[in-house]
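Chemist: Next up is a structure, given as structure tokens.
Residue numbers (the numbering used here): 27 to 275.
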């Protein structure tokens, strides 16, 4: 969605926000889905063996380029992993139960994280903001609608991957140099690393639960272009700190 947006005169000209586990809770429901999956597999194998969960992660990662991120890709990977790890001995009724896990996860409630609306509204009074979230288009659109945040985001980007190329494209469309961009998110791999690599800034707010795939990153703890914000309430202060850094203060 293209929208004309004003550019502030300060050092920072645009603030991006991640969706899942930054604005609203998400990973909790994926972890429940994974536990339900393991409960089904327990009828066939020893699910306490860490290799079982690792196998599912490996299947999900090798399928990302085909299925993409999101519940639908997770469900297809669960079905594939279950067939593989049981050597095709899993019953059709249990494959149906795995499919049901996917349906249930797609219908999970959308719960805003504490402080999100207040802090995004405060930041949006002084800066153009953009929502940049990855995953299944239909599911992300549904979550954005239920979260009732459209009034705060005149521009929304739903992308298949968050890599340097994606962020570079978004900033090119805004006609803004990367050093004037700040990305707020919970994932060092997807929200922080690509942006700081390109010369932008990051505000990192860890979520209580993180998918193993997202823990694989190269961001140093003392990354100078990143500020840690423990909660959403801390975003405005973190942005002020970055503004000062970017301005050379």
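From the three backbone atoms N, C-alpha and C, an ideal C-beta is built for every residue, glycine too.
May I ask which residues mark the beginning and end of the beta strand (DSSP E) holding residue 211?
Modeler: Counting from one through the chain shown, the residue named residue 211 turns up at place 185. Unbroken beta strand (DSSP E) run through residue 211: 207-211.
Chemist: Might you give, ordered along the chain, the residues of its own chain that have their beta carbon closer than 6 Å to the beta carbon of residue 69, omitting 5 neighbours on each side?
Modeler: Along the chain shown, one-based indexing puts residue 69 at 43. Cβ within range, chain order: n/a, list empty.
Chemist: Is the distance from the Cβ of residue 45 to the Cβ of residue 95 below 8 Å?
Modeler: Taking the chain shown and counting its residues from 1, the one referred to as residue 45 is at position 19. Taking the chain shown and counting its residues from 1, the one referred to as residue 95 is at position 69. No, Cβ-Cβ distance for residue 45 and residue 95 is not below 8 Å.
Chemist: Please determine, among 252, 47, 111, 222, the residue with the shortest C-alpha to C-alpha distance to residue 75.
Modeler: Taking the chain shown and counting its residues from 1, the one referred to as residue 75 is at position 49. Comparing Cα positions, the closest option is 111.
Chemist: Mind the definition here: the stretch 185-199 touches the stretch 122-130 only if three or more C-beta pairs lie below 8 Å; say whether that holds.
Modeler: Judged by Cβ distances under 8 Å, the stretch 185-199 makes no contact with the stretch 122-130, as fewer than three pairs qualify.
Chemist: Excluding the 5 residues flanking residue 222 on each side, which residues of the same chain have their C-beta closer than 8 Å to its C-beta?
Modeler: Position 196 of the chain shown holds residue 222. Excluding residues within five positions, the ones whose Cβ falls inside 8 Å are 228, 245, 249, 251, 252.
Chemist: Spatial neighbours of residue 146 within its chain, please: CB distance less than 6 Å, with the 5 preceding and 5 following residues excluded, ordered by chain position.
Modeler: Counting from one through the chain shown, the residue named residue 146 turns up at place 120. Hits under 6 Å: 178.
Chemist: Residues bridged to residue 138 by DSSP?
Modeler: Position 112 of the chain shown, counting from 1, holds the residue named residue 138. Looking at the DSSP assignment, residue 138 forms a beta bridge with 50.
Chemist: Can you grab the Cα-Cα spacing for the pair residue 247 / residue 256, in whole Å?
Modeler: As a first step, residue 247 is located in the chain shown; it is residue number 221 there, counting from the start. As a first step, residue 256 is located in the chain shown; it is residue number 230 there, counting from the start. Each residue's Cα considered, the two are about 14 Å apart.
Chemist: Under the three-state reduction of DSSP, which class applies to residue 229: helix, strand or coil?
Modeler: Within the chain shown, the letter at position 203 stands for residue 229. Three-state result, residue 229: strand.
Chemist: Pick out whichever of 210, 140, 50 has its Cα sitting closest to the Cα of residue 259.
Modeler: In the chain shown, residue 259 corresponds to position 233, counting from 1. Cα-wise, what sits closest to residue 259 is 140.
Chemist: For the beta strand (DSSP E) that residue 42 lies in, which residues bound it at each end?
Modeler: In the chain shown, counting from the first residue as 1, residue 42 sits at position 16. Run containing residue 42: 40-43, per the beta strand (DSSP E) assignment.
Chemist: Decide yes or no for the touch test of the stretch 154-171 against the stretch 72-88: beta carbon pairs closer than 8 Å, at least 3 of them.
Modeler: In short, these stretches do not touch, since the Cβ pair count stays below three.
Chemist: Would you report the Cα separation of residue 211 and residue 132, rounded to the nearest angstrom?
Modeler: Here residue 211 refers to the residue found at position 185 of the chain shown. Here residue 132 refers to the residue found at position 106 of the chain shown. About 22 Å.
Chemist: Counting C-beta neighbours from all protein chains within 10 Å, is the total for residue 197 16 or more, i.e. buried, or is it exposed?
Modeler: Against the chain shown, residue 197 aligns to sequence position 171. Per the 10 Å Cβ criterion, buried.
Chemist: From the DSSP output, in three-state form, read off residue 268 for me.
Modeler: For the purposes of this step, residue 268 is taken as residue 242 along the chain shown, with counting starting at 1. In this structure, residue 268 counts as helix in the three-state DSSP scheme.
Chemist: Which residue spans inside the stretch 69-153 form an unbroken alpha helix (DSSP H) run of at least 4?
Modeler: Correct list: 76-93, 97-111, 118-132, 142-150.
Chemist: From 202, 224, 234, 231, pick the residue whose C-alpha is nearest to that of residue 39; which is it?
Modeler: Stepping through the chain shown from its first residue, residue 39 is reached at position 13. Checked all of 202, 224, 234, 231; the closest Cα to residue 39 is 202.
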